[in-house]
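> In this note's numbering, the protein residues as written are 1 to 106. Once you've had a glance at the structure underneath, I'll fire off some questions.
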Ligand SMILES: [Cu+2]
């Protein structure tokens with residue numbers, strides 16, 4: 001999957017449950033991250049974090065890549081159960097810039 005400064009793109013939008021490896025590439029020009037949230041909320045309707053309005057609520061988080069400098073790649077694996085997910089970058093303001101996408105685990 002690829003992070004740009006304005007979005008998240010996926011090679012696969014759905015996978016089978018169990019261990020899921022995210023191969024994250026930051027193709028943007030600044031620091032990004034990937035946060036994996038399990039939620040039934042639509043990918044473009046995540047609510048702001050009340051304490052830090054430039055960031056979004058991470059309620060339901062299953063894990064994240066951590067900060068990734070521009071140009072770097074990182075693989076990480078999470079054990080995911082079936083459900084609906086939102087993948088997003090939660091650096092301040094980045095969700096609002098379009099860095100979010102829906103993901104399904106079957
Ligand atoms: Cu970002």
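Cβ coordinates follow ideal geometry from the N, Cα and C atoms, glycine included. Please read all numbers here as calculations on a predicted model, not as lab measurements.
What are the start and end residues of the beta strand (DSSP E) that includes residue 108?
With the chain represented from 1 up to 106, any question about residue 108 goes unanswered, as that position is not in the structure.
> Do residue 87 and residue 76 have their C-beta atoms closer together than 9 angstroms?
Sequence index remark: in the chain shown, residue 87 carries index 87 (1-based). Sequence index remark: in the chain shown, residue 76 carries index 76 (1-based). Cβ distance not < 9 angstroms, so residue 87 and residue 76 don't count as in contact.
> Taking DSSP as the reference, what is the three-state secondary structure of residue 31?
Translated into positions along the chain shown, residue 31 becomes position 31. Coil at residue 31, not helix or strand.
> Who are the Cβ neighbours of residue 111 in its own chain at under 6 angstroms, not counting the five residues just before and after it?
Past the edges of the chain, shown from 1 to 106, lies residue 111, and the structure says nothing about it.
> Can you tell me whether residue 78 is helix, strand or coil according to DSSP?
Along the chain shown, read from residue 1 onward, the residue named residue 78 stands at position 78. Reduced to three states, the DSSP call for residue 78 is strand.
> With DSSP run on the structure shown, which of helix, strand or coil describes residue 11?
Mapped onto the chain shown, residue 11 falls at position 11. If DSSP states are grouped into helix, strand and coil, residue 11 belongs with coil.
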